[in-house]
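Chemist: Quick one: the structure is below, and I'll ask about it shortly.
Protein chains: 2
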Amino acid sequence: MADYSSVKIEELYDIPAFRNLPDEQVRSLAAVMVRRNYAPGQMIFMEGEQAGSLWFVAAGQVKIIKQSLNGRIQGLCLMNRGKCFGSCPLFDMEKNPASAQALNQVTLFVLPDEAFQQLKTRDPQLVKALLHVYSQRLEHLSRVSEVLGSWSVADRINDCLLTYADRTEPQPTIELTHEKLASLVGTVREVVTRHLTHLEKEGVVRNEVGRITLLNPNALLPPCACPDETTTP
Amino acid sequence: MADYSSVKIEELYDIPAFRNLPDEQVRSLAAVMVRRNYAPGQMIFMEGEQAGSLWFVAAGQVKIIKQSLNGRIQGLCLMNRGKCFGSCPLFDMEKNPASAQALNQVTLFVLPDEAFQQLKTRDPQLVKALLHVYSQRLEHLSRVSEVLGSWSVADRINDCLLTYADRTEPQPTIELTHEKLASLVGTVREVVTRHLTHLEKEGVVRNEVGRITLLNPNALLPPCACPDETTTP
DNA sequence: CGCCTGATGTGACCTAAATCACGTTATGGG
DNA sequence: CCCATAACGTGATTTAGGTCACATCAGGCG
Chain Y
1 MADYSSVKIE
11 ELYDIPAFRN
21 LPDEQVRSLA
31 AVMVRRNYAP
41 GQMIFMEGEQ
51 AGSLWFVAAG
61 QVKIIKQSLN
71 GRIQGLCLMN
81 RGKCFGSCPL
91 FDMEKNPASA
101 QALNQVTLFV
111 LPDEAFQQLK
121 TRDPQLVKAL
131 LHVYSQRLEH
141 LSRVSEVLGS
151 WSVADRINDC
161 LLTYADRTEP
171 QPTIELTHEK
181 LASLVGTVRE
191 VVTRHLTHLE
201 KEGVVRNEVG
211 RITLLNPNAL
221 LPPCACPDET
231 TTP
Chain U
234 MADYSSVKIE
244 ELYDIPAFRN
254 LPDEQVRSLA
264 AVMVRRNYAP
274 GQMIFMEGEQ
284 AGSLWFVAAG
294 QVKIIKQSLN
304 GRIQGLCLMN
314 RGKCFGSCPL
324 FDMEKNPASA
334 QALNQVTLFV
344 LPDEAFQQLK
354 TRDPQLVKAL
364 LHVYSQRLEH
374 LSRVSEVLGS
384 WSVADRINDC
394 LLTYADRTEP
404 QPTIELTHEK
414 LASLVGTVRE
424 VVTRHLTHLE
434 KEGVVRNEVG
444 RITLLNPNAL
454 LPPCACPDET
464 TTP
């Protein structure tokens, strides 16, 4: 099943991190990158494993998760087409801080560690592009920490819907089962179902099997922007 | 009250990130760094503010927190003597991803943004040292996410005790009030008190006012390392 | 030494959300 | 077309842990 065929230059330009790079750099990247396919549910790499490579999502969705000793799984984020993940070879991280799992049929482009090490010496611009990706990741994680720590499950679900909605269409949609949404948010299916049916009754979303349509995204917005004017003197 | 006197070279050598740097580099750092003092509870910088500088803890403790719109506060970590925090000028982060607050009387060394920008061009080694700090932060945050998402409050308290214990003495101690511990862990005082008195009954810790002594740290260890041999066939 | 304030102990109560336990609805393959 | 299976809907029950309401204890200080 594994398809190790090469990566086309046009395909690389679809990835935001590379969009502004000059042609020859992308060309040299394409030469060393590898295409990989994964089946739904398949693990791409595991937390704690030796790290190094960089992964780019060409098609499908990848879930980044932490699994703790007690068996519970906490989703950290969902990587869509164009996103980059993997332990950063720029730092000297030895191990993957989390696991990556294909959520559906997935195609990835891999930049192997060795290839990256070579590129980075003669290509500081590339390094800068990737550093930026990592600064976003730091921000994202600190946001996850905030959300997990102080939001209600309902708010977390709303936030997740807004974050991962596909906005290319007039009606933003999310192509996830309740089960998968639940694992991303860090809760269980029943709670997601209940909350979604509630939202549907309010006319905020429409539920179909494996797909949620946002009819009124704004209604999901305020996590709790309680207008706290009451600064009692 | 603000004491802007200069920073001594010996003091910088106390900071792990600089310990292995050659003498002249540390000398040039000392020339541009600034000393600052903060009172207990005082905010050092706020989430969302313009970022840039790097901060090093010379004495006291600094709490890194996220405050969400609903007013709840989630502690991310506690910085002890020698630790480094602040938004990384290496990335192009515009804003602080979190706030920093002095937990007690605190002395900091500040490396201002401008100074750092100059240093980094002629000192790649320094950059590398700091990148390493940031890779640790990424790991820490992903750990926080895991812990918040899937551990019980009791486990989180235990973990916090182990993480922030001062191991220089035979009996590790934590110098925090229950209130402050609670805000670090992301819970309320009562829960911390209850759990600590429970631990004291079991002989695992000793409680004094503003101080907790770990009598048997190992008892705090397993978050839930349930020996799950039962791979039922 | 008595008072005030901040740090603790502890019970009663209450809510969010996880669990359990089903029933119902899609949907694709034979 | 039928059935297995995955996805969804919904109630009843349970529980961790947050909230409230006090009572106690320790240290500083006039």
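Protein chains in written order, with the numbering used here: chain Y, 1 to 233; chain U, 234 to 466.
Ideal Cβ positions, reconstructed from N, Cα and C, are used throughout, including at glycine.
How about U:T340 and U:A292: are their beta carbons less than 7 Å apart?
Modeler: Within the second sequence, residue 340 of chain U is the residue found at index 107, counting from 1. Within the second sequence, residue 292 of chain U is the residue found at index 59, counting from 1. Yes.
Chemist: Given a cut-off of 7 Å, decide if Y:G82 and Y:I15 are closer than it, judged by their beta-carbon atoms.
Modeler: As a first step, residue 15 of chain Y must be located in the first sequence, where it is residue number 15. As a first step, residue 82 of chain Y must be located in the first sequence, where it is residue number 82. Yes, Cβ-Cβ distance for Y:I15 and Y:G82 is below 7 Å.
Chemist: Report the option in U:P330, U:N451, U:L429 and U:E372 whose CA atom is closest to the CA atom of U:E282.
Modeler: As a working note, residue 282 of chain U is residue 49 in the second sequence. Out of U:P330, U:N451, U:L429 and U:E372, U:P330 has the C-alpha closest to the C-alpha of U:E282.
Chemist: Put U:S385 into one of helix, strand or coil per three-state DSSP.
Modeler: Taking the second sequence and counting its residues from 1, one reaches residue 385 of chain U at position 152. DSSP places U:S385 in coil when its eight states are reduced to three.
Chemist: Can you confirm whether Y:G82, when its beta carbon is compared against all beta carbons of chain U, has any partner nearer than 7 Å?
Modeler: Taking the first residue of the first sequence as position 1, residue 82 of chain Y is located at position 82. Cβ-Cβ to chain U under 7 Å: no for Y:G82.
Chemist: Rounded C-beta distance between Y:P21 and Y:A129? I'm assuming under 8 Å.
Modeler: Start at 1 with the first residue of the first sequence, and residue 21 of chain Y comes out as number 21. Start at 1 with the first residue of the first sequence, and residue 129 of chain Y comes out as number 129. Per the sequence shown, residue 21 of chain Y should be read as Leu rather than Pro. Between Y:A129 and Y:L21 the Cβ distance is about 7 Å, and since that is below 8 Å, they are a contact.
Chemist: Judging by CA-CA distance, which residue of U:P403, U:V265 and U:S383 is the nearest neighbour of U:P450?
Modeler: As a position in the second sequence, residue 450 of chain U is number 217, starting the count at 1. Selected option, being the one with the closest Cα: U:P403.
Chemist: Tell me, please, whether the CB atom of U:S286 is closer than 7 Å to any CB atom in chain Y?
Modeler: For the purposes of this step, residue 286 of chain U is taken as the residue at position 53 of the second sequence. With 7 Å as the cut-off, U:S286 does not count as an interface residue toward chain Y.
Chemist: Between Y:I9, Y:E24, Y:K8 and Y:E10, which lies nearest to Y:Q125 when the distance is taken from Cα to Cα?
Modeler: Start at 1 with the first residue of the first sequence, and residue 125 of chain Y comes out as number 125. When each option's Cα is compared against that of Y:Q125, the closest is Y:E24.
Chemist: May I have the straight-line CA-CA distance separating Y:A102 from Y:N207, to the nearest angstrom?
Modeler: Your numbering for residue 102 of chain Y matches position 102 in the first sequence. Your numbering for residue 207 of chain Y matches position 207 in the first sequence. Cα to Cα, Y:A102 sits roughly 23 Å from Y:N207.
Chemist: Report the option in Y:T193, Y:Y38 and Y:S150 whose CA atom is closest to the CA atom of Y:K180.
Modeler: Here the question's residue 180 of chain Y lines up with position 180 in the first sequence. It is Y:T193 whose Cα lies nearest to the Cα of Y:K180.
Chemist: Indicate the three-state DSSP secondary structure (helix, strand or coil) for Y:R81 in the structure shown.
Modeler: Residue 81 of chain Y sits at position 81 when you count from the first residue of the first sequence. The answer is coil: DSSP assigns Y:R81 none of H, G, I, E or B.
Chemist: Can you find a C-beta in chain U that's less than 7 Å from the C-beta of Y:R27?
Modeler: The count along the first sequence starts at 1 and reaches residue 27 of chain Y at position 27. Chain U contact via Cβ: absent.
Chemist: Could you check if U:I407 is buried or exposed, using at least 16 other CB atoms within 10 Å of its CB as the buried criterion?
Modeler: Within the second sequence, numbered from 1, the residue matching residue 407 of chain U stands at position 174. Buried, since its Cβ has 16 or more Cβ neighbours within 10 Å.
Chemist: For a contact defined as C-beta to C-beta under 7 Å, what are the partners of U:V377 on chain Y?
Modeler: For the purposes of this step, residue 377 of chain U is taken as the residue at position 144 of the second sequence. What U:V377 touches in chain Y: S145.
Chemist: Would you mind telling me which residues of chain Y sit closer than 7 Å to U:P330, beta carbon to beta carbon, in chain order?
Modeler: As a first step, residue 330 of chain U must be located in the second sequence, where it is residue number 97. Here the neighbours are L138, E139 and S142.
Chemist: What does DSSP give as the partner residues of Y:I15 in its beta bridges?
Modeler: The count along the first sequence starts at 1 and reaches residue 15 of chain Y at position 15. Y:I15 pairs with nothing; no bridge assigned.
Chemist: Can you give me the C-alpha to C-alpha distance between Y:N80 and Y:G186, rounded to a whole angstrom?
Modeler: Locating residue 80 of chain Y in the first sequence gives position 80, counting from the first residue. Locating residue 186 of chain Y in the first sequence gives position 186, counting from the first residue. Each residue's alpha carbon lies about 19 Å from the other.
Chemist: What's the gap between the Cα of U:R352 and the Cα of U:D346?
Modeler: As a working mapping, residue 352 of chain U is identified with position 119 in the second sequence. As a working mapping, residue 346 of chain U is identified with position 113 in the second sequence. For clarity, residue 352 of chain U is Leu in the given sequence; the question names Arg instead. One C-alpha to the other measures close to 10 Å.
Chemist: Hey, could you find the ends of the alpha helix (DSSP H) U:L448 is sitting in?
Modeler: As a first step, residue 448 of chain U must be located in the second sequence, where it is residue number 215. Run containing U:L448: none; DSSP gives neither H nor E here.
Chemist: Strictly by DSSP, which residues pair up with U:S332?
Modeler: In the second sequence, residue 332 of chain U corresponds to position 99, counting from 1. Paired residue(s): U:I298.
Chemist: If the cut is a Cβ gap below 7 Å, which residues of chain U does Y:Q74 touch?
Modeler: Translated into the one-based positions of the first sequence, residue 74 of chain Y becomes position 74. What Y:Q74 touches in chain U: S378, E379, G382 and S383.
Chemist: For the beta strand (DSSP E) containing Y:E200, name the first residue and the last one.
Modeler: Residue numbering aside, residue 200 of chain Y sits at position 200 when the first sequence is read from its first letter. It is not in any beta strand (DSSP E) - Y:E200 instead sits in the alpha helix (DSSP H) that spans R189 to K201.
Chemist: May I ask you to report which of helix, strand or coil DSSP gives U:Q358?
Modeler: The residue given as residue 358 of chain U occupies position 125 in the second sequence. In this structure, U:Q358 counts as helix in the three-state DSSP scheme.
Chemist: Could you give the distance in angstroms between the alpha-carbon of Y:C160 and the alpha-carbon of Y:L184?
Modeler: Locating residue 160 of chain Y in the first sequence gives position 160, where the first residue counts as 1. Locating residue 184 of chain Y in the first sequence gives position 184, where the first residue counts as 1. C-alpha separation (whole angstroms): 8 Å.
Chemist: Alpha carbon to alpha carbon, what distance is there between Y:N158 and Y:L221?
Modeler: Position 221 of the first sequence, counted from the first residue, corresponds to residue 221 of chain Y. Position 158 of the first sequence, counted from the first residue, corresponds to residue 158 of chain Y. Approximately 7 Å between the Cα atoms of the pair.
Chemist: Within 7 Å (strictly less), CB to CB, does Y:G186 reach chain U?
Modeler: Residue numbering aside, residue 186 of chain Y sits at position 186 when the first sequence is read from its first letter. Interface residue, yes.
Chemist: Under 9 Å between beta-carbons, which chain U residues line up against Y:K180? List them in chain order, please.
Modeler: One-based indexing of the first sequence puts residue 180 of chain Y at position 180. Here the premise fails: no neighbours, minimum Cβ distance about 16 Å.
Chemist: Which residue from U:F289, U:A263, U:V265 and U:Q294 puts its Cα closest to that of U:A272?
Modeler: Locating residue 272 of chain U in the second sequence gives position 39, where the first residue counts as 1. When each option's Cα is compared against that of U:A272, the closest is U:Q294.
Chemist: Just the C-alpha distance for Y:A115 and Y:E139, rounded to the nearest angstrom, thanks.
Modeler: By 1-based counting over the first sequence, the position of residue 115 of chain Y is 115. By 1-based counting over the first sequence, the position of residue 139 of chain Y is 139. Cα-Cα distance, rounded: 27 Å.
Chemist: Below 8 Å on the Cβ atoms is my contact criterion, and I expect Y:V110 with Y:S53 to pass it. Report the Cβ-Cβ distance as a whole number of Å.
Modeler: Within the first sequence, numbered from 1, the residue matching residue 110 of chain Y stands at position 110. Within the first sequence, numbered from 1, the residue matching residue 53 of chain Y stands at position 53. Correct: roughly 5 Å between the Cβ atoms.
Chemist: For Y:A31, count the other beta carbons within 10 Å of its own beta carbon; 16 or more makes it buried, fewer makes it exposed. Which is it?
Modeler: On the first sequence, position 31 is the one that residue 31 of chain Y refers to. Classification for Y:A31: exposed.
Chemist: Would Y:K66 count as contacting chain U if we go by Cβ distances under 7 Å?
Modeler: In the first sequence, residue 66 of chain Y corresponds to position 66, counting from 1. With 7 Å as the cut-off, Y:K66 counts as an interface residue toward chain U.
Chemist: At 3 residues or longer, what runs of the beta strand (DSSP E) sit wholly inside the segment 22-58 of chain Y?
Modeler: Listed in chain order, they are 34-38 and 43-45.
Chemist: Exposed or buried, Y:G203, counting other C-beta atoms within 10 Å across all chains shown (16 or more means buried)?
Modeler: For this step, residue 203 of chain Y is matched to residue 203 along the first sequence. It counts as exposed.
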